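A short worksheet on the structure shown next.
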Amino acid sequence: MFARIIVRQKFTPFSINSVVLMTLGSVLLGLRANGDRPAGVSGKEYLFGFFMTLGSAGLIGFIYPCIELCYAKASRALNFTAVLQFQLNVAIFASLVSFIAMLVNKDFQAMQRESRDYGLGQTMYVVVLVCAAVVWQFSLIGVLGVIFCVGSLFNGILSAVLLPLMEVAAVIAYHEKFTGEKGMALVLCLWGFTSYFYGEYQNHKKAKASINKEDHHQDS
Numbered sequence: 000m001f002a003r004i005i006v007r008q009k010f011t012p013f014s015i016n017s018v019v020l021m022t023l024g025s026v027l028l029g030l031r032a033n034g035d036r037p038a039g040v041s042g043k044e045y046l047f048g049f050f051m052t053l054g055s056a057g058l059i060g061f062i063y064p065c066i067e068l069c070y071a072k073a074s075r076a077l078n079f080t081a082v083l084q085f086q087l088n089v090a091i092f093a094s095l096v097s098f099i100a101m102l103v104n105k106d107f108q109a110m111q112r113e114s115r116d117y118g119l120g121q122t123m124y125v126v127v128l129v130c131a132a133v134v135w136q137f138s139l140i141g142v143l144g145v146i147f148c149v150g151s152l153f154n155g156i157l158s159a160v161l162l163p164l165m166e167v168a169a170v171i172a173y174h175e176k177f178t179g180e181k182g183m184a185l186v187l188c189l190w191g192f193t194s195y196f197y198g199e200y201q202n203h204k205k206a207k208a209s210i211n212k213e214d215h216h217q218d219s
């Protein structure tokens, strides 16, 4: 929706089908998420966290087309170096906002307590945090690169298809149960992903045929 409003993304029946299927797959994963409320958390607090999560998802969906719009409105031709500079500015601003929020919320004191209670030890707690930060930086570079090379819609589709794949990874790594809902969500997301690529293939085929037809008319 944001891609349509902000960057005037053209939707085809295949891309609409892809978005609908992936949305259904993501919703299906959340329908049977029983027992995920931490102990001691009230219903009000749980709902607040739920709606905050929805808001953050909507915000991410809004940010991706805005990044594509920034690329389109750039005063000079963009290249990989410019994309990395963009990522650096985003990372610096995000780190600053997170640092201030952690100071206000006294999260640094909570991190000390969490590190003491961490099952693998304080050293591994720090290692996990550092590795998570590095992986997220690579992820952000990938996001900006996909938006730069293809577009924000495709980036959103990639993000959606990764959700059930992470569930499969959790089944393999942590021996979680592979329920029918997880299987159906995986099928829907893969179906949507295939639908998008088939639509892009058809568009590319039509564009190539149109170019060949114009070249034929010019030669004749």
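In terms of numbering that gives the first Met the number 0, the sequence shown opens at residue 0 and continues consecutively.
Heads up, the beta-carbon is just placed ideally off N, CA and C, and yes, glycines get one too.
Since the model is a prediction, treat every value here as computed from it, not as a measurement.
Between Y117 and M123, the C-beta spacing is below 8 Å.
In the three-state reduction of the DSSP assignment, Y70 falls in the helix class, which pools H, G and I. DSSP, read as helix, strand or coil, puts Y63 in helix. Between M21 and L187, the beta carbon gap of about 7 Å places them in contact (Cβ cut-off 8 Å). When the Cα atoms are used, E67 and L157 turn out to be separated by approximately 16 Å.
The C-alpha of F98 is placed about 28 Å away from the C-alpha of N154.
Contact fails between the region 166-182 and the region 194-206, because fewer than three Cβ pairs, one in each stretch, are under 8 Å apart. Close CB contacts of V160 within its chain, under the 6 Å cut and outside five residues either way in sequence, are with C188, F192 (chain order).
Of the residues A56, L83, R75, D106, the one whose Cα lies closest to the Cα of L139 is L83. When secondary structure is reduced to three states using DSSP, S41 falls in the coil class, being assigned neither helix nor strand. Assignment of T178 by DSSP, reduced to helix, strand and coil, places it in the coil class. Across the structure, Q108 and L128 are spaced so that their CA atoms are roughly 15 Å apart. DSSP places F10 in the coil class of the three-state scheme, outside both helix and strand. Per DSSP, L102 is one residue of the alpha helix (DSSP H) stretching across 79-104. Annotation for P64: F1, A2, I5, V6, S151 place their beta carbon closer than 6 Å to its own, counting only its chain and skipping 5 residues before and after.
G141 carries a helical assignment under DSSP once its states are collapsed to helix, strand and coil. For R3, the uninterrupted alpha helix (DSSP H) segment begins and ends at 1-5. Here R75 carries a coil assignment [DSSP, helix/strand/coil]. Closest by C-alpha distance to Q86, out of A56, L58, L143, G54, is L143.
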